[in-house]
Amino acid sequence: MSERRIRVLLAKPGLDGHDRGAKVVAHALKEAGMEVIYTGLHQTVPSIVKQAMQEGVDVIGLSIMSGAHVPICRKLMSMVKKEGIGDVLVLVGGVIPNKDIPILNDLGVKGTFPGGTRFEEITAFIKENVRH
Amino acid sequence: MGVATYIKDEKDAIKEVILQSGIKVKPVYTPEDLERVGFNYREDLGDPGEFPFTRSIHPLGYRSRNWTTRQYTGFGTPEQTNERFKLMISHGQTGLNVAFDLPTQMGYDSDDAMAEGEVGRVGMAVDSLRDFEIAFRDIRLNKIGSGLTINAVASIMLAMYQSVAEKFGYRKEEISATPQNDILKEMVGRGAWIYPVQAAVRLIGDTIEYSMRALPRCSPVSVCGYHIRESGCTPVQEISYAFEIAFAYIDEVVRRGYEAKDFVGGFTFNLNIFGNLWETVAKFRAARKLWAKLLRERYGVQDKKALFLRGIFGGGGSGMTKQQPENNIMRGAYYALAAALSGGQTTALCSFDEAYTIPTERAALLSLRTFQILMDEIGLRDTIDPLAGSYFMETLTKEMEEKILEEMEKVEKIGGMVEAVASGYVQREVSKQAYEYEKKLQEGKVIKVGVNKYTEGVDMEVELHEYNEAWARQQIDRLKELKKTRDGQSVKGSLKALERAAKEKKNVMPLLVDCCKDYTTVGEMANVFRDVFGEHKEPSIF
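Set out below in structure tokens:
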């Protein structure tokens with residue numbers, strides 16, 4: 002019996018439109034055998050959570066370059082819990098200074114992947130940490 | 033990041049060099065190469081300032097005119113931006129390059145729910161003319177030209193710039209603004225789009241048509257290969273897509289009954305510099321020549337000045353790395369050298385901390401000093417197009433030219449750039465290239481110092497430009513105050529007139545100027561367009 006493929010929602014929250022990173026990771030996750038749903042740009046946190054629920058994803062990956070990663074993640078994590086999908090693995094990529102990584106972890110973001118992270122690191126992390 | 037692919041033997045000797053554009057570089061070039069590519073001085077180069085302008089658009093190059101330097105500046109409140117503008121000018125900067133925050137770029141006022149957490153973050157917040165009055169206070173708008181990094185609402189911001197200049201007592205005929213105003217590249221790369229493709233291109237047509245009559249010293253469009261390159265395309269694709277975008281805007285205005293010769297001289301280009309030095313210089317030489325040739329062939333443009341490929345060559349953001357950030361100071365210097373060897377008129381350099389954030393004061397000044405050292409100490413003003421006549425450079429320039437034409441043909445087969453963007457063709461091509469490049473980097477097939485070679489294990493932290501929540505509050509307070517004190521009836525009337533023009537497909541520019549002078553907000557004007565035009569939907573590319 003074949004294993005169910007891991008479903009990932011890749012999202013670009015907020016107004017920032019730099020999506021090179023998100024698209025490159027989308028290619029990489031697909032090549033690693035995952036199903037990738039890309040939200041496109043300018044998403045609000047409620048619309049991301051709604052799509053995550055509708056699509057029944059295992060992972061939400063946020064790509065943030067604007068520097069607003071902390072307020073966005075705070076909002077998303079509280080909403081994810083409220084909607085009862087707190088077991089979804091939440092990851093963040095983009096321009097993330099090192100000093101902010103512990104803050105994001107405290108909020109419940111499991112993995113932080115600054116620009117330039119190796120693809121296998123991301124895919125291995127997802128496979129290890131996704132709900133089984 | 034743009035470096036070539038090197039194939040080496042077991043002794044680390046280079047067997048093959050493949051440029052990002054797919055051209056193979058030979059170990060040595062001779063007169064036979066020039067013969068092979070059919071090089072001819074008169075046809076392929078011409079003297080500087082003479083058709084096809086491969087060498088330079090000016091007969092005396094940097095001898096007659098130094099670079100215009102325009103570091104990207106703007107953050108927080110208009111007050112802070114004004115201070116930074118003055119600082120950069122006092123240090124010898126000769127033009128401005130205005131950064132707007134994301135809510136402004138996306139047509140939201142600072143008090144809009146969509147603006148939360150973003151007010152003043154990546155540029156200055158502009159809600160109304162009041163903000164421009166503060167930001168441009170004491171700047172001589174008849175002497176200093178301004179690049180405005182704004183696209184979806186460029187029409188609004190150009191009207192705002194005219195309004196502030198007139199408020200300060202300048203005539204609109206003497207001001208020089210270059211709004212970026214290139215929405216097609218936003219849809220491919222930078223992502224700050226609002227309206228659907230057709231409506232967005234129409235707004236650009238309005239700004240071009242209006243500038244012809246009312247703003248003769250403004251360059252209404254700056255076509256940006258830059259951001260498409262940042263998004264992952266090759267140097268050849270950068271030029272091909274930029275030209276196809278420019279043609280889409282030209283065609284929009286030609287459809288209104290004008291001739292290209294009457295307005296195309298106002299077009300400028302924003303093109304990228306990073307990666308392989310030779311490929312970069314050849315790219316610009318080929319681009320200058322092709323632009324002149326194509327305008328002549330396709331649109332019958334004869335006037336010399338209208339054939340110039342003018343623009344800002346610089347930046348190089350994708351070349352900068354987060355790892356070992358101080359290396360970016362050196363990279364920047366070499367990119368600036370490439371810009372000088374390429375003959376750009378205006379330049380800006382990404383600062384060394386820009387892989388993290390908008391530049392700190394110290395970093396922005398270092399970039400400015402880099403240009404000053406090159407021009408005043410090293411000798412780059414001595415002679416024009418110093419690489420001309422090199423067997424290698426001339427061969428490469430011819431090869432780049434051919435490749436650019438090949439890529440252009442692919443877009444034209446789809447029906448031009450509007451179609452190619454609406455269908456997602458270009459976005460797909462670019463993201464594919466970005467992925468392939470990233471894979472090569474991770475596999476070590478292309479080398480980036482400090483990233484996949486000569487790494488130091490620990491990342492150095494740089495001093496970051498800090499964001500302050502108080503800026504947003506200050507901005508929102510000012511907006512509230514404005515809405516209380518302005519003439520509400522007049523604003524209503526101006527917005528109604530704007531809506532009518534938008535619906536009736538009249539040129540919206542004069543009405544936007546009326547709106548701005550009434551202190552109508554950017555969000556109010558942008559929402560009129562949202563209601564009339566709707567919003568862009570991204571084509572699915574996965």
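Taken in order, these protein sequences are the chains called H and C. Take the first sequence: its letters are residues 2 to 133, numbered as in this note's numbering. Take the second sequence: its letters are residues 33 to 574, numbered as in this note's numbering. We put the CB at the ideal spot given by N, CA and C, even for glycine.
If you draw a straight line from the C-alpha of C:R87 to the C-alpha of C:K40, how long is it? If you take the alpha carbons of C:R87 and C:K40, they lie about 34 Å apart.
Determine the chain C residues that contact H:K1 at a beta-carbon separation under 7 Å, and present them in chain order. Lying outside 2 to 133, the shown extent of chain H, residue 1 of chain H is not represented and no answer is given.
Nonlocal neighbours in the same chain, by C-beta distance under 8 Å from H:I104, ignoring five residues either side: Counting only residues of its own chain and dropping the five nearest sequence neighbours on each side, H:I104 has a CB closer than 8 Å to the CB of V71.
Along the region 266-280 of chain C, where does the CB come closer than 7 Å to a CB of chain H? Name the residues. Result list empty, no residue passes.
For C:A365, I'd like the list of residues in its chain whose CB is within less than 7 Å of its CB, leaving aside the five on either flank, ordered along the chain. Excluding the 5 residues flanking it on each side, C:A365 has same chain C-beta neighbours closer than 7 Å at T402, in chain order.
H:F126 CB to nearest chain C CB: under 9 Å? So, not an interface residue.
Helix, strand or coil at C:K47 according to DSSP, with G and I counted as helix: Three-state result, C:K47: strand.
Name the residue from C:Y94, C:W503 and C:A338 whose alpha carbon lies nearest to the alpha carbon of C:E111. Answer by Cα proximity: C:W503.
Since C:E386 and C:G349 are thought to touch, with beta carbons under 8 Å apart, how far apart are those beta carbons, to the nearest angstrom? With a Cβ gap of about 6 Å, C:E386 and C:G349 count as contacting.
Residue range of the beta strand (DSSP E) that includes C:S254: Annotation: the continuous beta strand (DSSP E) that includes C:S254 extends over V253 to C256.
Between C:G179 and C:L216, is the Cβ-Cβ spacing less than 9 Å? Their beta carbons are not under 9 Å apart, which means C:G179 does not touch C:L216 by this criterion.
Residue nearest to C:P59 in terms of C-alpha spacing, selected from C:G375, C:G411, C:Y423 and C:Q355: Looking from the CA of C:P59, the closest CA among C:G375, C:G411, C:Y423 and C:Q355 belongs to C:Y423.
Please check if any C-beta of chain C sits within less than 9 Å of the C-beta of H:F114. Under the Cβ distance rule, H:F114 does not count among the residues neighbouring chain C, no pair being separated by less than 9 Å.
Which value, in whole angstroms, describes the spacing of the CA atoms of C:T353 and C:E475? Approximately 17 Å, taken between the alpha carbons.
One or two residues paired with H:R1 in a DSSP bridge: This structure gives no information on residue 1 of chain H, because the portion of chain H shown stretches from 2 to 133.
What residues in the region 26-46 of chain H bring their beta carbon closer than 8 Å to a beta carbon of chain C? Against chain C - using a Cβ distance shorter than 8 Å - the residues of the region 26-46 of chain H are A27, H28, A29, K31, V37, Y39, G41, L42, H43 and T45.
Just the chain C side, please: which residues come within less than 8 Å of H:G134 by C-beta, in chain order? Residue 134 of chain H is absent from the structure shown; chain H starts at 2 and stops at 133.
According to DSSP, which residues form a beta bridge with C:F574? None; C:F574 has no bridge partner.
With DSSP as the reference, please indicate the residues paired to H:G95 in a beta bridge. H:I65 and H:P115.
Mind listing the chain H neighbours of C:L134? Cutoff is C-beta to C-beta under 7 Å, in chain order. Within 7 Å Cβ-Cβ: L16, D17 and S67.
Using beta carbons (cut-off 9 Å, strictly below), is C:F574 in contact with chain H? Output row for C:F574: interface = yes.
Considering only DSSP beta bridges, list what C:Y104 is partnered with. Bridge partners of C:Y104: C:N129.
Based on Cα-Cα distance, which residue from H:A33, H:I38, H:R21 and H:P115 lies nearest to C:S572? When only C-alpha atoms are compared, the closest one is H:I38.
Can you list the alpha helix (DSSP H) stretches of 4 or more residues lying completely in the region 37-94 of chain C, in chain order? Counting whole runs of 4 or more residues, the region 37-94 of chain C contains the alpha helix (DSSP H) stretches 63-68.
For C:C382, tell me which candidate among C:I121, C:A131, C:R169 and C:V233 has the shortest Cα-Cα distance. Taking C:C382 as reference, the option from C:I121, C:A131, C:R169 and C:V233 with the minimal CA-CA separation is C:A131.
Once DSSP output is grouped into helix, strand and coil, what is the label at C:G179? Reduced to three states, the DSSP call for C:G179 is strand.
For the pair the region 18-28 of chain H and the region 455-466 of chain C, tell me if three or more CB-CB distances fall below 8 Å. Flag = yes, the region 18-28 of chain H and the region 455-466 of chain C touch.
With C-beta atoms as the reference, is C:V453 less than 9 Å away from C:G139? The Cβ atoms of C:V453 and C:G139 lie no closer than 9 Å to each other.
Quick check on this structure: which residue in C:R222, C:K293 and C:L322 has the alpha carbon closest to the alpha carbon of C:V268? Answer by Cα proximity: C:L322.
Interface residues of chain C facing H:D20 [CB-CB closer than 7 Å]: Under the 7 Å cutoff, chain C gives G223.
Classify C:M33 as helix, strand or coil using the three-state DSSP reduction. Residue placement at C:M33 is poorly supported in this model, since its pLDDT is 43, which falls under 50; the coordinates are not used for a value here.
Other residues of its chain near H:R5: CB distance less than 6 Å, five sequence neighbours each side excluded: Once the five neighbours on either side are set aside, H:R5 has no close Cβ partner at all.
Cβ-Cβ distance between C:G376 and C:L326 below 9 Å: The answer is no: Cβ separation not under 9 Å.
Contact between the region 397-413 of chain C and the region 110-126 of chain H is defined here as three or more beta-carbon pairs at a separation below 8 Å; is this criterion met? As far as the Cβ criterion goes, the region 397-413 of chain C does not touch the region 110-126 of chain H, which means the pair count is below three.
Determine, for H:I73, whether the minimum Cβ-Cβ distance to residues of chain C falls below 9 Å. Answer yes: the Cβ-Cβ gap between H:I73 and chain C drops below 9 Å somewhere.
Hey, C:I508 and C:S142: beta-carbon distance below 9 Å or not? Going by C-beta atoms, C:I508 is nearer than 9 Å to C:S142.
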